[in-house]
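Written below as structure tokens is the structure these notes are about.
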Amino acid sequence: MDDEDDSQSQSTEPDMSAFEVPLSMLLECLNIFGSAGPSSSSSGGTYKKWKVPEGESDHDDEGGDDEPRNNGNVQNRQKKKTGHGRPIERGIDAFFGGGGSEKRTSMRLSYAGSGSPLTLLLAEDVTGPTTTCEITTFEPEPTLELDIDNSKLLLKIILKSSWLRDALMEIDPSCEKIIFVSSPPSEDISVGIGTRRRNDMNAPMLRIQAEGSFGSTQMDYPNDKEVLETFECTKAMMFSYRFIHITKTLRAIQSSTKTSLRIDEEGVLSLQFLMPSARIRMGQEDDSPAFIEFRCLPLDEEMSD
Numbered sequence: 001m002d003d004e005d006d007s008q009s010q011s012t013e014p015d016m017s018a019f020e021v022p023l024s025m026l027l028e029c030l031n032i033f034g035s036a037g038p039s040s041s042s043s044g045g046t047y048k049k050w051k052v053p054e055g056e057s058d059h060d061d062e063g064g065d066d067e068p069r070n071n072g073n074v075q076n077r078q079k080k081k082t083g084h085g086r087p088i089e090r091g092i093d094a095f096f097g098g099g100g101s102e103k104r105t106s107m108r109l110s111y112a113g114s115g116s117p118l119t120l121l122l123a124e125d126v127t128g129p130t131t132t133c134e135i136t137t138f139e140p141e142p143t144l145e146l147d148i149d150n151s152k153l154l155l156k157i158i159l160k161s162s163w164l165r166d167a168l169m170e171i172d173p174s175c176e177k178i179i180f181v182s183s184p185p186s187e188d189i190s191v192g193i194g195t196r197r198r199n200d201m202n203a204p205m206l207r208i209q210a211e212g213s214f215g216s217t218q219m220d221y222p223n224d225k226e227v228l229e230t231f232e233c234t235k236a237m238m239f240s241y242r243f244i245h246i247t248k249t250l251r252a253i254q255s256s257t258k259t260s261l262r263i264d265e266e267g268v269l270s271l272q273f274l275m276p277s278a279r280i281r282m283g284q285e286d287d288s289p290a291f292i293e294f295r296c297l298p299l300d301e302e303m304s305d
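Read in UniProt numbering, the sequence shown has 294 at position 294, and its numbers run on one by one without any break.
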């Protein structure tokens, strides 16, 4: 029975799809209308209702503005609203959302399986033209996997991405390395040439330092739920990383809502960014959040005790 259960569990597990595509070609396809750009996380809470300009029709086969429209079509154009007061889109609107007056390329991506091309359905807005691009896929090359041991984490923090973004933006680009310093609330912390206990609830539990040829920058995060939603630190630690590697995450930080920062005993840094869902922006429920994760190895010059 156990063997049968194991075989059934293995057969029910979904197969993982992995492939490679040329990055330059993918970027050209995404910008085929010349209006592609990063979506701001701050605009996730607002919704612009699609509206047909006066004197124009939303039906290609309409005889003219003076012809009476079918009552059923008129009723269908009145979109239903959710509990949030946002309309539920129909047809192509369900894929590309409300565009408003601002034109921005939207995409629906599909992949049929091994050997099939990557298909991109692109639209400038819900009323404009659409185009389909197919990109040849290749077998993925072996990549370096940086495993992080969740059972040996020294630090786990969840905070709003805007807090981390503002901190990284304050660092001078000439800085060569960035240092993460943290310790539990009961640990001692060195301040200048002295040492004090973390008895103050507002004492910083996370410190970010950056050093460069023109000086250094230091930012402290207090023990405040509004800043650090989750804070878990098993023992005092300090690891440094190449700042140029961390700056590669800025685009993801700007588009994300929350950031999970983890560091294990080996100093492997994991940054997970929670991305706003398109269905949530359209007023629909979505239980499958999307994440972007970056992992980085520490420098050997500084290791935690």
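Glycine included, C-beta positions come from ideal geometry on N, C-alpha and C.
Mind checking whether residue i and residue j have CB atoms under 8 Å apart?
i                : j                 : result
phenylalanine 19 : proline 142       : no
leucine 159      : leucine 250       : no
leucine 121      : isoleucine 32     : no
threonine 257    : leucine 164       : no
isoleucine 179   : isoleucine 171    : no
glutamine 272    : phenylalanine 243 : no
proline 289      : leucine 274       : yes
arginine 295     : leucine 146       : yes
methionine 237   : isoleucine 263    : yes
Go ahead and pull the three-state DSSP assignment for residue i.
i                 : result
lysine 152        : helix
serine 161        : helix
arginine 104      : coil
aspartate 166     : helix
alanine 18        : coil
phenylalanine 243 : helix
glutamate 28      : helix
alanine 252       : helix
leucine 23        : helix
asparagine 199    : Note that asparagine 199 has pLDDT 45, beneath the 50 cutoff, so the model's placement of it is unreliable and the number below is only indicative. In this structure, asparagine 199 counts as coil in the three-state DSSP scheme.
glutamate 265     : coil
proline 222       : strand
leucine 297       : coil
alanine 112       : coil
lysine 258        : strand
proline 289       : coil
leucine 144       : coil
serine 213        : coil
serine 270        : strand
residue 357       : No answer is possible for residue 357: it lies beyond the span of the chain, which begins at 1 and ends at 305.
Mind checking who residue i pairs with in its DSSP beta bridge?
i              : result
threonine 132  : Leu121
isoleucine 208 : Phe180 and Met219
residue 375    : The structure shown does not extend to residue 375, since the chain spans only 1 to 305, so no value can be given for it.
Q: For the region 151-158 and the region 221-234, state whether three or more C-beta atom pairs, one from each stretch, are separated by less than 8 Å.
A: yes
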